[in-house]
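K.L.:
Just so you know, the sequences run in chain order W and G.
Numbering follows my numbering, in which position 247 of the first sequence is assigned residue number 251; successive positions increment by one, without gaps.
Numbering follows my numbering, in which position 116 of the second sequence is assigned residue number 129; successive positions increment by one, without gaps.
Just so you know, even glycine gets a beta-carbon here, dropped at the ideal spot from N, CA and C.
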Amino acid sequence: MSSATAASLQSTLPALLTAYGPPGRETGVRQALRRLLRGTGTFSEDAIGNLHLHAGRGGPRLLITAHMDAPGIIVTKVDSSTGAARLGILGGRRAAELVGATVRFEDGRVAVVTTDRTGGKDGDLDADALSLEGGAGKSSGRKRAASANGARGARLEVGDVAGMDDRPTRLGDLWCAANLDNRAGCAALAAALRAARRSRFDVTAVFAAQSDLGSRGATTAAFGAEPELAIVIDVAHVGDSKETSGFAVGKGPGLALKESGFLAHPDALELVRRAARVAKTPLQYLIRENEGSDARAIRMSRSGVPTAMIAIPARRSGGLWSLVHADDLTQVSQLISAILTLAPKGAGSPSRRARRGKGGRR
Amino acid sequence: MSAPRFREDLLEALSNASGVSGGESEVRALIAAAVRDQVDTLEVDAMGSLVARIAPAGAAPAKHRANGAAPRGRRGPHAMLCAHMDEVGVMVHAIEKDGRLRIRRVGGIDPRILIGQVFRLGPKRVAGVVGVLPAHLLTKEDEEKVVPYEDLYLDIGASTREEAAKQVSIGDYGVFDSVYESWGRVRKGKAFDDRVGCAVLASLIQERPPIPVTAVWSVQEEIGLRGATAAARRVAPDLAIVLEGTAAGEAPGATAEESAPHMGGGPTITIQDRSLMADVRLNDVLTRVAARRKIPTQWKRPGVGGTDAGKIALSGAGVPSAVVSVACRYIHAPAAYLDLRDAQRSVDLVWHALEALRKEWP
Chain W
5 MSSATAASLQ STLPALLTAY GPPGRETGVR QALRRLLRGT GTFSEDAIGN LHLHAGRGGP
65 RLLITAHMDA PGIIVTKVDS STGAARLGIL GGRRAAELVG ATVRFEDGRV AVVTTDRTGG
125 KDGDLDADAL SLEGGAGKSS GRKRAASANG ARGARLEVGD VAGMDDRPTR LGDLWCAANL
185 DNRAGCAALA AALRAARRSR FDVTAVFAAQ SDLGSRGATT AAFGAEPELA IVIDVAHVGD
245 SKETSGFAVG KGPGLALKES GFLAHPDALE LVRRAARVAK TPLQYLIREN EGSDARAIRM
305 SRSGVPTAMI AIPARRSGGL WSLVHADDLT QVSQLISAIL TLAPKGAGSP SRRARRGKGG
365 RR
Chain G
14 MSAPRFREDL LEALSNASGV SGGESEVRAL IAAAVRDQVD TLEVDAMGSL VARIAPAGAA
74 PAKHRANGAA PRGRRGPHAM LCAHMDEVGV MVHAIEKDGR LRIRRVGGID PRILIGQVFR
134 LGPKRVAGVV GVLPAHLLTK EDEEKVVPYE DLYLDIGAST REEAAKQVSI GDYGVFDSVY
194 ESWGRVRKGK AFDDRVGCAV LASLIQERPP IPVTAVWSVQ EEIGLRGATA AARRVAPDLA
254 IVLEGTAAGE APGATAEESA PHMGGGPTIT IQDRSLMADV RLNDVLTRVA ARRKIPTQWK
314 RPGVGGTDAG KIALSGAGVP SAVVSVACRY IHAPAAYLDL RDAQRSVDLV WHALEALRKE
374 WP
C-alpha cells in the first residue's frame with residue numbers, strides 16, 4: 005500500500021466527514037474541498053451547488069464526479085410551547101436509523117433526534133414519529149421569514165437544515181463514520197487530484213450536490229460539462245449488491261457492471277481496467293438491482309455519455325454508522341490517479357470533438 | 014415604481030374555464046387574449062405552453078428567439094416566471110352498455126370527495142353525476158370503505174351506449190361543476206391551483222418589468238411537470254420564479270404551527286419540497302424584499318408537494334429557482350378558497366423582487 009496516498013487520506017478524511025453538507029446545503033464541505041484542492045485547477049460553482057474543478061490540459065473531456073452531500077434533516081414544524089420540532093428526512097436515511105442521532109446545523113447548533121414511539125418494529129417508524137430536541141424552549145415562530153439575515157438564536161426554525169454530527173473513528177483497518185457515503189469518495193478523488201501529475205485528459209472534477217435527492221447535481225453538471233467519458237466515485241453498501249457477486253469490504257475497488265437504471269459502457273470499463281493494471285490495484289465487480297448512483301443520470305445526459313462507476317465497498321451498522329476499509333479507500337484513490345494519467349484510447353471520437361468546436365455550448 | 018394591480022377579472026374567467034392536463038386550450042386562449050397587448054412576443058410551444066417575452070422598461074422590445082436566453086447585460090438577469098394552466102379532473106375512458114361512463118382521474122383528486130359530485134364533460138359541458146348507491150343497497154362494509162376509481166361511474170342520464178355517445182366521447186375531460194363567487198373576503202372557485210398563479214403572472218406583466226422576463230403558462234403540471242420541463246430548456250433563463258396556488262393547512266383543532274401556511278397569511282415561499290431545494294440566494298432576495306416592503310410572508314411546510322420549479326431547476330446546466338404561492342384551502346376540489354390580499358401581495362412581492370434582482374443578482 006502506497007504510504008503517501010494512505011497518509012494523505014488519513015489526514016484529510018476526518019475533516020471531510022465532519023464538514024457541514026446535507027443535500028442542498030453543501031456549504032461546509034464545498035469550502036473544505038476548495039481548501040484541500042487549492043492550486044490544482046480552476047474552481048467554479050453552479051446553480052445547484054456543484055463544485056467544479058477544471059484541470060483541463062487538452063485531450064478528451066473526462067468528467068469525474070463524487071457527490072459531496074450526505075443525508076440530513078429539515079425542520080418542518082416547531083411547537084411554540086415546547087420548542088421541539090418535527091422533521092423531514094433529506095436523503096436516503098430510514099427513520100429508524102436516525103433515532104438518537106445528533107444532528108448539527110450550519111451555524112453549529114446541535115439537536116438530538118428522538119421518538120416517543122415504543123414497541124412495534126423499527127421498520128414501521130416513519131419521519132412523522134421523530135422529533136427534534138434542541139433544548140431551546142419557546143420558538144420565535146415566523147420571525148425568520150421577515151428577516152432572513154437577522155440574528156438567530158438557538159431556536160429551531162421551520163426550514164432549518166442539519167447534517168449528521170459525525171464522529172469518525174478508526175477501528176483497526178476500518179473507518180467507522182456516519183458520512184462515509186460519500187465523503188470517502190470525495191476524499192479519494194481529492195487525494196488523486198492532488199497527487200496527479202500532468203493529465204492526458206481535459207479533466208473536470210465535479211463534487212456533486214443534491215445526489216441524495218435524486219442525482220440532481222449530477223444531472224446539471226453532466227449537461228454543462230458535456231463530457232466524452234465519465235467516471236463516478238461513490239460508496240456502495242455490500243448488502244445492496246447481489247449476494248452471488250461476492251462484493252465485499254477489504255477486497256479492493258468495486259467496478260459497477262450494473263446498477264438500478266445503469267449499465268456501464270464498455271469503453272469506460274476498459275479505461276478503469278487498464279488503470280487498475282497500471283496502478284496494480286485489485287478490482288471486484290458490483291452488481292446491484294435496486295440501488296444506484298449518479299452514474300445513471302450522467303450516462304443518460306444529452307445524447308449519452310460512456311460512464312463507469314467505481315465503488316468504495318462499505319458495510320452498514322444498522323444505525324448511523326458505515327464501515328469502510330482504509331486499504332480499499334487508498335486503492336480507489338490510486339486507481340483514480342492512474343486514470344488521470346493514462347493515455348486516452350478509443351475515447352473521444354473526432355466527430356464529437358469537431359462538433360463541440362463549432363457550436364458554442366453554454 | 015409600485016407593483017401592478019392583481020387582475021381579479023382574469024382570475025374569475027380562468028377559474029370558470031375548463032383545462033384539465035392535456036386540454037388547456039380554453040385557458041390558453043383566455044390568457045393569450047388578456048396579455049397579447051402587453052408582451053413583445055407570444056407563442057405556443059410544441060407541448061402547448063404559452064410563452065411570452067417582455068423586455069424591461071427602457072429597453073428595445075424583446076425579439077422572438079427560437080432558442081436561447083435573452084441577451085444579458087446591464088438590464089439584469091433573464092427571469093422565467095412560470096404558472097401552470099392545467100387543473101386536475103377526470104377523463105371518460107369507457108362507455109358502458111347501460112350508458113354509464115367509466116372515468117379515470119387526471120392528476121391527484123382524492124377519491125373520497127367524488128361520490129355525488131357533478132362534473133362538466135367535454136366541449137359541450139355535458140353534466141354528469143358520480144353515481145351513488147342508494148342507502149338500501151349499501152352494506153356495512155360499503156359504508157366504511159372509499160370507493161376506488163375503478164368502481165366509480167358518471168351518470169349523464171343516458172340509458173344506452175348510443176344515447177351517451179351522442180353527448181360525450183371517450184377521452185373527454187371532466188371538470189368540477191363550480192362557479193367563481195365572492196364570499197366576503199374569500200373568493201371561491203375551482204382550479205385556483207394554479208389559475209391564481211396564471212392570473213398573478215398576467216398581472217405582473219401589465220407593466221414592463223424591471224428585468225427581462227419570459228412568462229410561461231405551462232401545460233401538464235399535474236401529471237408530472239411536463240410542460241415546464243420542455244419550456245425551461247427552450248427559454249434557458251438565468252433564474253426562475255414559479256407562481257403557484259398551494260394547499261393551506263388549516264384544520265379545526267390544529268395549532269398555528271401545525272396548520273401553516275394560512276389563507277390570508279401572505280405569499281407562501283417554498284424552502285424544500287419533493288421536487289426542489291429552493292435556491293437560497295433567491296429566497297434571500299424574496300425575504301429581504303418582503304421585510305423592506307412590509308409584505309407578510311410564510312413558509313410552505315417543507316417536504317410536501319412538488320412544482321414546475323423542480324424541473325426548471327434541473328434544466329440545462331441548472332437554473333436557480335424559487336416558488337411563491339397563494340395559500341388556498343381545499344385545492345384539488347370543487348370549492349377552493351383564497352384571500353385576494355394574498356394574490357395582490359404575491360404580485361407585489363415578485364414585482365419588487367424583480368426590481369431587487371436587477372441590482373443584486375451577480
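Which same chain residues, not among the five before or five after residue 195 (chain W), have their C-beta less than 7 Å away from its C-beta?
P.N.:
9, 12, 13, 16, 337
K.L.:
Can you tell me whether residue 199 (chain W) is helix, strand or coil according to DSSP?
P.N.:
helix
K.L.:
Kindly indicate the opening and closing residues of the alpha helix (DSSP H) around residue 24 (chain G).
P.N.:
21-29
K.L.:
Can you tell me whether residue 372 (chain G) is buried or exposed, with buried defined as 16 or more other CB within 10 angstroms of its CB?
P.N.:
exposed
K.L.:
Buried or exposed: where does residue 362 (chain G) fall if 16 or more other Cβ atoms within 10 Å of its Cβ makes it buried?
P.N.:
buried
K.L.:
What would DSSP say about residue 149 (chain W), mapped onto helix, strand or coil?
P.N.:
Its pLDDT being 38, under 50, residue 149 (chain W) is placed unreliably in this model, and the value from its coordinates should be taken loosely. The answer is helix: DSSP assigns residue 149 (chain W) an H, G or I state.
K.L.:
What residue ranges within the region 20-67 of chain W form continuous alpha helix (DSSP H) runs of no fewer than 4 residues, ordered along the chain?
P.N.:
31-40
K.L.:
Reducing DSSP to helix, strand and coil, say where residue 149 (chain G) ends up.
P.N.:
helix
K.L.:
Just curious, the alpha helix (DSSP H) that residue 325 (chain G) is in, first and last residue?
P.N.:
It spans 321-326 - the alpha helix (DSSP H) in which residue 325 (chain G) sits, taken as one unbroken run.
K.L.:
Between the Cα of residue 296 (chain G) and those of G:167, G:56, G:172, G:338, spot the shortest distance and give me the residue it belongs to.
P.N.:
G:338
K.L.:
Report back the beta-carbon spacing between residue 68 (chain W) and residue 235 (chain W) to the nearest angstrom; my notes put them in contact at under 8 Å.
P.N.:
5 Å
K.L.:
Can you check whether the CB of residue 92 (chain W) is closer than 7 Å to the CB of residue 78 (chain W)?
P.N.:
yes
K.L.:
Which bits of chain W does residue 330 (chain G) rub up against, with CB to CB less than 7 Å?
P.N.:
50, 224, 227, 228, 366
K.L.:
Is the region 316-333 of chain W close to the region 89-105 of chain W, with three or more CB pairs under 8 Å?
P.N.:
yes
K.L.:
Name the two residues that bound the continuous beta strand (DSSP E) containing residue 341 (chain W).
P.N.:
Where residue 341 (chain W) is concerned, there is no enclosing beta strand (DSSP E), although the alpha helix (DSSP H) it sits in stretches over 330-345.
K.L.:
Express the C-alpha separation of residue 116 (chain W) and residue 96 (chain W) in angstroms, rounding to a whole number.
P.N.:
18 Å
K.L.:
If we ignore side chains and look at the alpha-carbon of each, how far apart do residue 31 (chain G) and residue 37 (chain G) end up?
P.N.:
7 Å
K.L.:
Assign residue 14 (chain G) to one of two classes, buried (16 or more other C-beta atoms within 10 Å of its C-beta) or exposed (fewer than that).
P.N.:
exposed
K.L.:
In chain W, what lies closer than 7 Å to residue 222 (chain G) by C-beta?
P.N.:
Listed along chain W, no residue sits closer than 7 Å to residue 222 (chain G) by beta-carbon distance, the nearest being about 21 Å off.
K.L.:
Counting only the same chain and skipping the five closest in sequence on each side, list residues whose C-beta sits under 8 Å from that of residue 152 (chain W).
P.N.:
In this predicted model, residue 152 (chain W) has a pLDDT of only 40, less than 50, meaning its place in the structure is not dependable; the value taken from the coordinates is given anyway. Around residue 152 (chain W): no qualifying Cβ.
K.L.:
Counting only Cβ pairs nearer than 7 Å, list the residues of chain G close to residue 80 (chain W).
P.N.:
314, 315, 316
K.L.:
Okay, do the region 131-141 of chain G and the region 153-164 of chain G touch, 3+ Cβ pairs below 8 Å being the bar?
P.N.:
Too few Cβ pairs lie closer than 8 Å, so no.
K.L.:
Are residue 117 (chain G) and residue 106 (chain G) touching if we call contact CB-CB under 7 Å?
P.N.:
yes
K.L.:
If you measure from the beta carbon of residue 327 (chain G) to each beta carbon in chain W, is any gap under 7 Å?
P.N.:
yes
K.L.:
Taking the beta strand (DSSP E) that residue 116 (chain G) falls in, what are its first and last residues?
P.N.:
Residues 114-119.
K.L.:
Can you confirm whether residue 84 (chain W), when its beta carbon is compared against all beta carbons of chain G, has any partner nearer than 7 Å?
P.N.:
yes
K.L.:
Could you tell me the alpha carbon to alpha carbon distance between residue 269 (chain G) and residue 346 (chain G), rounded to whole angstroms?
P.N.:
Near 23 Å, if we compare the C-alpha coordinates of residue 346 (chain G) and residue 269 (chain G).
K.L.:
Let me know the secondary structure DSSP gives residue 79 (chain G) once reduced to three states.
P.N.:
In this prediction, residue 79 (chain G) scores a pLDDT of 47, lower than 50, which makes its location untrustworthy; no coordinate-derived value is stated.
K.L.:
Step through the CB atoms of chain G and report whether any lies within less than 7 Å of the CB of residue 220 (chain W).
P.N.:
With its beta carbon less than 7 Å from one in chain G, residue 220 (chain W) belongs to the interface.
K.L.:
How would you call residue 357 (chain G), buried or exposed, if buried means at least 16 neighbouring beta carbons within 10 angstroms?
P.N.:
buried
K.L.:
Compile a chain-ordered list of the residues in the region 257-273 of chain G whose CB is closer than 8 Å to at least one CB of chain W.
P.N.:
Only 268, 269, 270, 271, 273 from the region 257-273 of chain G bring a Cβ to less than 8 Å from some Cβ of chain W.
K.L.:
By the 10 Å Cβ neighbour count, where 16 or more other Cβ atoms means buried, how is residue 364 (chain W) classified, buried or exposed?
P.N.:
Any answer about residue 364 (chain W) is weak, because its pLDDT of 37 lies below 50 and its placement is not dependable; what the coordinates show is given next. Burial call: exposed.
K.L.:
Give the residues of chain G in contact with residue 217 (chain W), contact being defined as C-beta atoms less than 8 Å apart.
P.N.:
290
K.L.:
Using a C-beta to C-beta distance shorter than 8 Å, which residues of chain G count as neighbours of residue 27 (chain W)?
P.N.:
290
K.L.:
From residue 246 (chain W) to residue 304 (chain G), what does the alpha carbon distance come to, in whole angstroms?
P.N.:
Taking the straight line from one Cα to the other gives about 55 Å.
K.L.:
Kindly say whether residue 242 (chain W), judged by its beta-carbon, lies nearer than 7 Å to any beta-carbon of chain G.
P.N.:
no
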